[in-house]
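S.K.: Keeping their order, the protein sequence lines are chains E and A.
Under our numbering, the first sequence has 105 at position 87, and the numbering climbs by one with no breaks.
Under our numbering, the second sequence has 373 at position 366, and the numbering climbs by one with no breaks.
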Amino acid sequence: MVRRIAGLARIQVDDDKLPALAKELSAILGFVEQLSEVDTENVKPYTSPVEMQIKARADAVTDGGYPEDILANAPEKDDGYFAVPKVVE
Amino acid sequence: MGQGNDLTALTLAQARDGLRAKEFTARELTQSFVDRVAASEKLNAYILQTPEHALEAAERSDARLGADDARPLEGLPLGVKDLFCTRGVRTTACSNILGDFTPPYESKVTENLWADGALMLGKLNNDEFAMGSSNETSAYGACLNPWRTDAGEALVPGGSSGGSSAAIAARLGLAATATDTGGSIRQPAALTGTVGLKPTYGRCSRWGIVAFASSLDQAGPITRTVRDSAIMLTSMAGHDARDTTSVDMVVPDYEAALTGDIRGLRIGVPKEYRIDTMPLEIEALWQQGMDWLRDAGAEIVDVSLPHTKYALPAYYIIAPAEASSNLARYDGVRYGARKMGDDIDDMYARTRGEGFGEEVQRRLLIGTYALSAGYYDAYYLKALQVRRLIAQDFENAYEHCDLLLTPTTPSAAFPLDKGQSDPLEMYLNDVFTVTVNLAGLPGISVPAGLDAKGLPLGLQLIGKAFGEEELLRAAQVLEEAAGFSAKPDDWWTSS
Chain E
19 MVRRIAGLAR
29 IQVDDDKLPA
39 LAKELSAILG
49 FVEQLSEVDT
59 ENVKPYTSPV
69 EMQIKARADA
79 VTDGGYPEDI
89 LANAPEKDDG
99 YFAVPKVVE
Chain A
8 MGQGNDLTAL
18 TLAQARDGLR
28 AKEFTARELT
38 QSFVDRVAAS
48 EKLNAYILQT
58 PEHALEAAER
68 SDARLGADDA
78 RPLEGLPLGV
88 KDLFCTRGVR
98 TTACSNILGD
108 FTPPYESKVT
118 ENLWADGALM
128 LGKLNNDEFA
138 MGSSNETSAY
148 GACLNPWRTD
158 AGEALVPGGS
168 SGGSSAAIAA
178 RLGLAATATD
188 TGGSIRQPAA
198 LTGTVGLKPT
208 YGRCSRWGIV
218 AFASSLDQAG
228 PITRTVRDSA
238 IMLTSMAGHD
248 ARDTTSVDMV
258 VPDYEAALTG
268 DIRGLRIGVP
278 KEYRIDTMPL
288 EIEALWQQGM
298 DWLRDAGAEI
308 VDVSLPHTKY
318 ALPAYYIIAP
328 AEASSNLARY
338 DGVRYGARKM
348 GDDIDDMYAR
358 TRGEGFGEEV
368 QRRLLIGTYA
378 LSAGYYDAYY
388 LKALQVRRLI
398 AQDFENAYEH
408 CDLLLTPTTP
418 SAAFPLDKGQ
428 SDPLEMYLND
438 VFTVTVNLAG
448 LPGISVPAGL
458 DAKGLPLGLQ
468 LIGKAFGEEE
478 LLRAAQVLEE
488 AAGFSAKPDD
498 WWTSS
């Protein structure tokens, strides 16, 4: 189970760490299990503390034109692009 | 130099007034802090010092002060939590995964502070990605609390803004920026005898702050006084088109709200915060707080927040779920420390496996699980429904009162390594603060007394949404009544 979740989260976890991690995660999930006691029938999920219409801005390009800044922190770059290991064989 | 004529002993407001009265220069003030910060490595509050930055800015401030053209924070040296992106200055959220990331942009909150004339002494330690309550999950190592027990036992400064709280308690800056997702400003403030304010969600822009849980994160100041907190918030707050959840409302002059008059104010005391495990001295301090506010003309009202006990469980679904989404961006492609693998998937997994610390990995796994197919409704949706009930509890309570008074934390500062064996025990630190984040409300911790070991304890006031003026006004009355004047000694300085 932990291995599957770690795969979904794209996190490499060493085999010898799995049992301890499983125990910790079970404890946390056991703790949140209390939520099932609460009657939430007909309660609307709360998605944002800001009760307002989010402003829409003009659909226009407002930013850009500085590729050097964008690439400044790249672990690897090539000819103005981010470089990664081969994705398609 | 004794503390009597040491410029670092001034509050932010005193330093501001002293600069304007030309009692000293910004250069002198800044040099005092730069020297003190340089001698503070034992505390590990600053993970990066920027003395050239600060001293150059101080020269410019002196020119403005000389021309009587001072901005609100002209020449005042601050520390910045490493969660705030600072242009050209390494920003890592204290995680190995960000490597030596150096932002080509500035967070809106720090941009506001620099535009008002403040200057930066350096970047402050925090729990990795702000996930922790003791500052021990930082990739730069633990930060120590300048307060110790009489026996000299080392204590944590709280977290996640532990560098910010330690720095202000140790006079390593006039104020510090911090962030609060579940208590990360108020809990460290309480553990270090400082003032920590979490504003209403939407009051400060989150733009350029490394995201943890976007519906809960909010920036605020840690300071030595309530007045300083008001001054800082006035500069930090404001609308920003780049954060669609930042609110387009006029920012009041919060300092002007500090009238000292709280007559007729109704202070609610939630009965659910009287938990079994609360030490007697915290219970007594809470009672004392009620008496102080009553003596100042406020009315104390009993209120109920019936869903309080479900706040932490809801938080430990919602915050990790949002984090698992927010932290998906750290993949070793565009920035940060890449770990090569056999192919691109392996590169992602290694980069994240080696780059994230244990607590961050735990939370990402919980969040991924809660959002995964088949579990989404049972965990995530359920937590969002409970969150609404918690927010409604506050709405109901505010029909009977204007502010709430609670302890900030269930204990004073604790020794290092205490929570290592059991992550859940560490989570309980936020039991009194996390409800406020879930409901998006403002809260402030004010130093109110010392425990039997001589360690600071805080009381928390909680306000209505965008009710920071009333909140700060009452906080100052509480601060004055408490008359907290104890200070940690300088055991940590190296010369």
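Every residue, glycine too, gets a C-beta built ideally from N, C-alpha and C.
What do you reckon, are the CB atoms on G364(A) and T144(A) nearer than 8 Å?
M.R.: Your numbering for residue 364(A) matches position 357 in the second sequence. Your numbering for residue 144(A) matches position 137 in the second sequence. Closer than 8 Å, so yes.
S.K.: Considering only their Cβ atoms, is the gap separating D437(A) from S140(A) smaller than 8 Å?
M.R.: Looking up residue 140(A) in the second sequence gives position 133. Looking up residue 437(A) in the second sequence gives position 430. For S140(A) and D437(A), yes; Cβs fall inside 8 Å.
S.K.: The region 422 to 448 of chain A: which residues have C-beta closer than 9 Å to a C-beta of chain E, in chain order?
M.R.: So the list reads D429, P430, L431, Y434, N444, L445, A446, G447 and L448, given in the order they occur along the chain.
S.K.: What residue from L478(A), P417(A) and W498(A) has the CA that sits closest to K205(A)'s CA?
M.R.: Here residue 205(A) refers to the residue found at position 198 of the second sequence. Selected option, being the one with the closest Cα: L478(A).
S.K.: Can you say whether P37(E) is buried or exposed, counting buried as having 16 or more other CB atoms within 10 angstroms of its CB?
M.R.: Here residue 37(E) refers to the residue found at position 19 of the first sequence. By the 10 Å Cβ count, P37(E) comes out exposed.
S.K.: Can you look up D33(E) in the DSSP assignment and give me helix, strand or coil?
M.R.: The residue labelled residue 33(E) in the question sits at position 15 within the first sequence. Helix at D33(E).
S.K.: Please report whether the beta-carbon of Q52(E) lies at a distance below 8 Å from any beta-carbon of chain A.
M.R.: Position 34 of the first sequence, counted from the first residue, corresponds to residue 52(E). Closer than 8 Å: yes.
S.K.: Between the alpha carbons of F49(E) and A27(E), how many angstroms are there, rounded?
M.R.: Counting from 1 along the first sequence, the entry for residue 49(E) is found at position 31. Counting from 1 along the first sequence, the entry for residue 27(E) is found at position 9. Straight-line Cα distance between these residues: approximately 22 Å.
S.K.: Looking at the unbroken beta strand (DSSP E) that takes in M297(A), where does it start and where does it end?
M.R.: Along the second sequence, one-based indexing puts residue 297(A) at 290. Careful: M297(A) lies outside any beta strand (DSSP E), inside the alpha helix (DSSP H) at L287 to D302.
S.K.: What's the gap between the Cα of G343(A) and the Cα of V217(A)?
M.R.: Here residue 343(A) refers to the residue found at position 336 of the second sequence. Here residue 217(A) refers to the residue found at position 210 of the second sequence. About 13 Å.
S.K.: Of all the CB atoms in chain E, is at least one closer than 8 Å to the CB of G9(A)?
M.R.: Looking up residue 9(A) in the second sequence gives position 2. Confidence at G9(A) is low in this model, with a pLDDT of 42, below 50, so the placement of that residue should be treated as unreliable; the coordinate-derived value is given next. It does not: the Cβ of G9(A) has no partner Cβ on chain E nearer than 8 Å.
S.K.: List the residues of chain E whose Cβ lies closer than 8 Å to the Cβ of F108(A), in chain order.
M.R.: Taking the first residue of the second sequence as 1, we reach residue 108(A) at position 101. Ordered by position in chain E, the residues that pass the 8 Å Cβ test against F108(A) are N91.
S.K.: Quick one, are the C-beta atoms of G348(A) and A335(A) less than 8 Å apart?
M.R.: Within the second sequence, residue 348(A) is the residue found at index 341, counting from 1. Within the second sequence, residue 335(A) is the residue found at index 328, counting from 1. Against a cut-off of 8 Å, the Cβ pair of A335(A) and G348(A) comes out as no contact.
S.K.: Compare the Cα-Cα distances from R151(A) to each of A174(A), E118(A) and S452(A) and report the closest residue.
M.R.: Stepping through the second sequence from its first residue, residue 151(A) is reached at position 144. Looking at the sequence provided, one finds Leu at residue 151(A) rather than Arg. Selected option, being the one with the closest Cα: A174(A).
S.K.: Show which residues of chain E have a CB atom less than 7 Å away from the CB atom of Q392(A).
M.R.: The residue given as residue 392(A) occupies position 385 in the second sequence. The contacting residues are T58, V61 and P63.
S.K.: Going by the beta-carbon positions, is the gap between Q56(A) and R234(A) smaller than 8 Å?
M.R.: As a working note, residue 56(A) is residue 49 in the second sequence. As a working note, residue 234(A) is residue 227 in the second sequence. No.
S.K.: Would you report the Cα separation of A489(A) and R480(A), rounded to the nearest angstrom?
M.R.: Counting from one through the second sequence, the residue named residue 489(A) turns up at place 482. Counting from one through the second sequence, the residue named residue 480(A) turns up at place 473. In a straight line, the C-alpha of A489(A) is about 14 Å away from that of R480(A).
S.K.: Is the CB-CB distance between I46(E) and P430(A) below 8 Å?
M.R.: By 1-based counting over the first sequence, the position of residue 46(E) is 28. By 1-based counting over the second sequence, the position of residue 430(A) is 423. For I46(E) and P430(A), yes; Cβs fall inside 8 Å.
S.K.: Taking only three categories from DSSP, how would you classify L90(A)?
M.R.: Within the second sequence, numbered from 1, the residue matching residue 90(A) stands at position 83. DSSP places L90(A) in coil when its eight states are reduced to three.
S.K.: Output the distance between the C-alpha atoms of R71(A) and A196(A), rounded to the nearest integer angstrom.
M.R.: By one-based count along the second sequence, residue 71(A) stands at place 64. By one-based count along the second sequence, residue 196(A) stands at place 189. One C-alpha to the other measures close to 33 Å.
S.K.: Using the three-state DSSP reduction, which class does Y405(A) fall into: helix, strand or coil?
M.R.: What you label residue 405(A) is simply residue 398 of the second sequence in a count that begins at 1. Y405(A) falls in the coil class under three-state DSSP.
S.K.: At which residue ranges does the region 441 to 496 of chain A contain complete beta strand (DSSP E) runs of 3 or more residues, listed in the order of the chain?
M.R.: Correct list: 450 to 457 and 463 to 469.
S.K.: Thinking C-beta only, is S222(A) closer than 8 Å to R249(A)?
M.R.: Within the second sequence, numbered from 1, the residue matching residue 249(A) stands at position 242. Within the second sequence, numbered from 1, the residue matching residue 222(A) stands at position 215. Not in contact: R249(A) and S222(A) (Cβ atoms no closer than 8 Å).
S.K.: S311(A) and I451(A) - do their beta-carbons sit closer together than 8 Å?
M.R.: As a working mapping, residue 451(A) is identified with position 444 in the second sequence. As a working mapping, residue 311(A) is identified with position 304 in the second sequence. The answer is no: Cβ separation not under 8 Å.
S.K.: Tell me which residues share the same chain as G148(A) and place their Cβ nearer than 7 Å to its Cβ, disregarding the 5 neighbours each side in the sequence.
M.R.: Locating residue 148(A) in the second sequence gives position 141, where the first residue counts as 1. Result list for G148(A): N51, in chain order.
S.K.: If we cut at 8 Å on Cβ distances, does D87(E) have a partner in chain D?
M.R.: Reference to chain D is not applicable here, since the protein chains of this structure are E and A.
S.K.: What do you reckon, are the CB atoms on H407(A) and G271(A) nearer than 8 Å?
M.R.: Working through the second sequence from its first residue, we reach residue 407(A) at position 400. Working through the second sequence from its first residue, we reach residue 271(A) at position 264. Against a cut-off of 8 Å, the Cβ pair of G271(A) and H407(A) comes out as no contact.
S.K.: Chain A partners of A24(E), CB-CB under 7 Å?
M.R.: In the first sequence, the residue the question calls residue 24(E) occupies position 6. Neighbours of A24(E) on chain A, chain order: L372.
S.K.: Which residues in chain E sit within 7 Å of S508(A), going by Cβ to Cβ distance?
M.R.: In this structure chain A extends from 8 to 502, so residue 508(A) is not present and cannot be described.
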